[in-house]
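>
Numbering (the working numbering), first residue to last: 27 to 451.
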């Protein structure tokens, strides 16, 4: 609380500066162009990848993954679903691999229909090698019929996030067989073969494992969690931070931050209790343990956002409401659990946020404005203001020179479409 009180007392140093650059529109098609919450720019900083949703909840009816060139504005279709219907399969939430021409995205099951539509537990991670566009590659294997096998899951992975090395991919998971809350898992390159294969069961190029430990009823005041979600990698380390539902001593639910050390994950997957297969391997491998990092009074904000890390992995950034119920950005030092308030807006931040690669700046929407916050100067710039059009999650480019963001553009009185813009810092 010392840090919070200190910075609150000196919050007058937070200065608002107006920006003089004009945003440049990158996309123009009469359909949506939705950016993922992270890793939307190619390694060479030339392309931005997106799906063609016009609203966040429409993955099930979305059919294309595309990219646009940052300079020429050329657009390319990277993948298009064959024979879609109103119930799926659906694609979306696409990310770029950190070191190669590969993208990864959510893909619903190909047998989606009225009785088995696209759903959180009926999807997987599919990749496209950009040298072979439109050829889907299943990353995580799926096996929903017995006997279950290690490395294959029984539900849906989503919100994929590449480790900086490219050798690990984190995801949030929903199981189809068991009625469980969300969990957090990781996958790494190691093929998993499933026999026989069909629309429900298929092989994958990666071995997937659940790494969070959840329970249906967390003991009040304990470090047990009922749900794990919305994670991030801590710098270049193999440590994953995630949000987890706990119960306070009165039994009230709140969200806190946890970490998991995954340095030995490739070896740990050989240490499963074989009895766990009958329950779908929803417990982490032996040797994988989660550690609680925050013990806040009110809990991390329930407004959906993803954790972010400082480049050195020392700090975890998150959102939380202050005593006036205004949502701002905080950070916690993961070794001593010290929580520090970073922004001091008088109106709640109303989007998830991202952090620059140098760790000095944050970007987000607040009070109908696109904001870049300088953590060194304790000042923020309002890049643009729009009462109704700003949407989604702004991203930095690879060089921290531009902000990429979504904004609705009206085509006529009745139609508006999400377009992608860039604005120079």
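Beta carbons are placed, not taken as given, at the ideal position from N, Cα and C, and that holds for glycine.
Which residue from 224, 291, 221 puts its Cα closest to that of residue 195?
Start at 1 with the first residue of the chain shown, and residue 195 comes out as number 169. Closest by alpha carbon: 291.
> Distance check for residue 328 and residue 270, CA to CA, integer angstroms please.
Here residue 270 is taken as the residue at index 244 of the chain shown, counted from 1. Here residue 328 is taken as the residue at index 302 of the chain shown, counted from 1. One C-alpha to the other measures close to 11 Å.
> With a threshold of 8 Å, are at least 3 pairs of Cβ atoms found where one atom belongs to the segment 342-349 and the other to the segment 367-385?
Because the criterion of three Cβ pairs below 8 Å is met, the segment 342-349 and the segment 367-385 touch.
> Whole angstroms are fine: how far does the CA of residue 216 sit from the CA of residue 257?
Counted from its first residue, the chain shown places residue 257 at position 231. Counted from its first residue, the chain shown places residue 216 at position 190. Looking at the two C-alpha atoms, the distance is approximately 22 Å.
> Identify whether residue 252 lies in helix, strand or coil by the three-state DSSP scheme.
The count along the chain shown starts at 1 and reaches residue 252 at position 226. Coil at residue 252, not helix or strand.
> As a quick exercise: from 126, 91, 116, 118, pick the residue whose alpha carbon is nearest that of residue 70.
Here residue 70 corresponds to residue number 44 of the chain shown, with the count starting at 1. Nearest of 126, 91, 116, 118 to residue 70, Cα basis: 126.
> If you scan the segment 148-173 from start to end, which runs of the beta strand (DSSP E) of 3 or more residues do you find wholly inside it?
The qualifying runs are 149-155.
> I'd like to know whether the C-beta of residue 330 is nearer than 8 Å to at least one C-beta of chain B.
Included in the structure is just one protein chain, with no chain B present.
> Measure how close the beta-carbons of residue 130 and residue 123 come, nearest whole angstrom, since I'm counting them as under 8 Å.
Translated into the one-based positions of the chain shown, residue 130 becomes position 104. Translated into the one-based positions of the chain shown, residue 123 becomes position 97. 7 Å between Cβ atoms; contact.
> Can you tell me which of the three DSSP states residue 294 falls into?
Reading the chain shown from its first residue, position 268 is the one you call residue 294. Helix at residue 294.
> Am I right that residue 164 and residue 120 are in contact with their C-beta atoms under 8 Å? What's the rounded C-beta distance?
If you number the chain shown from 1, residue 164 lands on position 138. If you number the chain shown from 1, residue 120 lands on position 94. No, residue 164 and residue 120 are not in contact; Cβ-Cβ is about 15 Å, not under 8 Å.
> Buried or exposed: where does residue 372 fall if 16 or more other Cβ atoms within 10 Å of its Cβ makes it buried?
Numbered from 1 along the chain shown, position 346 holds the residue referred to as residue 372. The residue in question, residue 372, is exposed, as its Cβ has fewer than 16 Cβ neighbours within 10 Å.
> May I ask you to report which of helix, strand or coil DSSP gives residue 37?
Walking along the chain shown from the start, residue 37 turns up at place 11. With a pLDDT of only 44 at residue 37, under the threshold of 50, the placement of this residue in the model should not be trusted; the figure read from the coordinates follows. Correct three-state label for residue 37: helix.
> Can you grab the Cα-Cα spacing for the pair residue 448 / residue 250, in whole Å?
Start at 1 with the first residue of the chain shown, and residue 448 comes out as number 422. Start at 1 with the first residue of the chain shown, and residue 250 comes out as number 224. In a straight line, the C-alpha of residue 448 is about 42 Å away from that of residue 250.
> Which one of 428, 363, 403, 433 has the shortest CA to CA distance from residue 395?
To locate residue 395, count along the chain shown from 1; it is residue 369. When only C-alpha atoms are compared, the closest one is 433.
> Please determine, among 263, 244, 312, 261, the residue with the shortest C-alpha to C-alpha distance to residue 280.
By one-based count along the chain shown, residue 280 stands at place 254. Considering only alpha carbons, the answer is 244.
> Return helix, strand or coil for residue 261, following the three-state DSSP convention.
As a first step, residue 261 is located in the chain shown; it is residue number 235 there, counting from the start. In this structure, residue 261 counts as coil in the three-state DSSP scheme.
> Name the DSSP beta bridge partners of residue 379, please?
The residue you call residue 379 lines up with position 353 of the chain shown. Answer is none; residue 379 lacks a bridge partner.
> Does the separation of the CB atoms of residue 341 and residue 358 fall below 8 Å?
Numbered from its first residue, the chain shown carries residue 341 at position 315. Numbered from its first residue, the chain shown carries residue 358 at position 332. Going by C-beta atoms, residue 341 is nearer than 8 Å to residue 358.
> Taking one C-beta from the segment 170-182 and one from the segment 220-234 each time, how about it: are there three or more such pairs within less than 8 Å?
As far as the Cβ criterion goes, the segment 170-182 touches the segment 220-234, which means the pair count is three or higher.
> What does DSSP give as the partner residues of residue 214 in its beta bridges?
Here the question's residue 214 lines up with position 188 in the chain shown. Answer by DSSP bridge pairing, in chain order: 233.
> Are residue 115 and residue 103 touching if we call contact CB-CB under 8 Å?
Along the chain shown, one-based indexing puts residue 115 at 89. Along the chain shown, one-based indexing puts residue 103 at 77. Cβ atoms of residue 115 and residue 103: not closer than 8 Å.
> With residue 395 as the anchor, note down where its beta strand (DSSP E) starts and where it stops.
Within the chain shown, residue 395 is the residue found at index 369, counting from 1. Here the beta strand (DSSP E) through residue 395 covers 395-400.
> How many whole angstroms separate the CB atoms of residue 213 and residue 184, which I take to be in contact at a CB cut-off of 8 Å?
Your numbering for residue 213 matches position 187 in the chain shown. Your numbering for residue 184 matches position 158 in the chain shown. The pair is not a contact, with the Cβ atoms about 12 Å apart (cut-off 8 Å).
> I'd like to know whether the C-beta atoms of residue 110 and residue 89 end up nearer to each other than 8 Å.
Counting from 1 along the chain shown, the entry for residue 110 is found at position 84. Counting from 1 along the chain shown, the entry for residue 89 is found at position 63. It is a contact, given that the beta carbons lie within the stated cut-off.
> Given a cut-off of 8 Å, decide if residue 431 and residue 437 are closer than it, judged by their beta-carbon atoms.
Counting from one through the chain shown, the residue named residue 437 turns up at place 411. Counting from one through the chain shown, the residue named residue 431 turns up at place 405. Taking 8 Å as the Cβ cut-off, residue 437 and residue 431 do not qualify as a contacting pair.
> Express the C-alpha separation of residue 284 and residue 180 in angstroms, rounding to a whole number.
Stepping through the chain shown from its first residue, residue 180 is reached at position 154. Stepping through the chain shown from its first residue, residue 284 is reached at position 258. Roughly 25 Å separates the two Cα atoms.
> Figure out for me which residue from 155, 192, 191, 235 has the closest Cα to the Cα of residue 168.
By one-based count along the chain shown, residue 168 stands at place 142. Here the closest residue by C-alpha is 235.
> Give the secondary structure of residue 305 by DSSP, where H, G and I count as helix, E and B as strand, and everything else as coil.
Counting from 1 along the chain shown, the entry for residue 305 is found at position 279. With a pLDDT of 49 at residue 305, under the threshold of 50, the modelled position of this residue cannot be trusted; read the value that follows with caution. Note: residue 305 maps to helix in three-state DSSP.
> Taking the alpha-carbon of residue 203 as reference, which of 53, 193, 170 has the nearest alpha-carbon?
For the purposes of this step, residue 203 is identified with residue 177 of the chain shown, where counting begins at 1. Checking every option, the nearest Cα to that of residue 203 belongs to 170.
> Considering just the uninterrupted stretch of the beta strand (DSSP E) at residue 420, what are its terminal residues?
As a position in the chain shown, residue 420 is number 394, starting the count at 1. Where residue 420 is concerned, the enclosing beta strand (DSSP E) stretches over 416-422.
> Taking residue 95 as part of the beta strand (DSSP E), name the residues at either end of that continuous run.
Here residue 95 is taken as the residue at index 69 of the chain shown, counted from 1. Segment 90-95, the beta strand (DSSP E) holding residue 95.
> Can you tell me whether residue 48 is buried or exposed, with buried defined as 16 or more other CB within 10 angstroms of its CB?
Residue numbering aside, residue 48 sits at position 22 when the chain shown is read from its first letter. When all chains shown are included, residue 48 counts as exposed.
> If contacts are defined as beta-carbon pairs under 8 Å, then residue 150 and residue 182 qualify, I think. What distance do you get, rounded to the angstrom?
Taking the first residue of the chain shown as position 1, residue 150 is located at position 124. Taking the first residue of the chain shown as position 1, residue 182 is located at position 156. Right, their Cβ atoms sit about 7 Å apart.
> Taking just the CA atoms, how far does residue 386 sit from residue 402?
Within the chain shown, the letter at position 376 stands for residue 402. Within the chain shown, the letter at position 360 stands for residue 386. Their backbone Cα atoms lie some 6 Å apart in a straight line.
> Rounded to whole angstroms, what's the CA-CA distance from residue 435 to residue 55? Just pull it up for me.
Position 409 of the chain shown holds residue 435. Position 29 of the chain shown holds residue 55. The straight-line gap from Cα to Cα measures roughly 11 Å.
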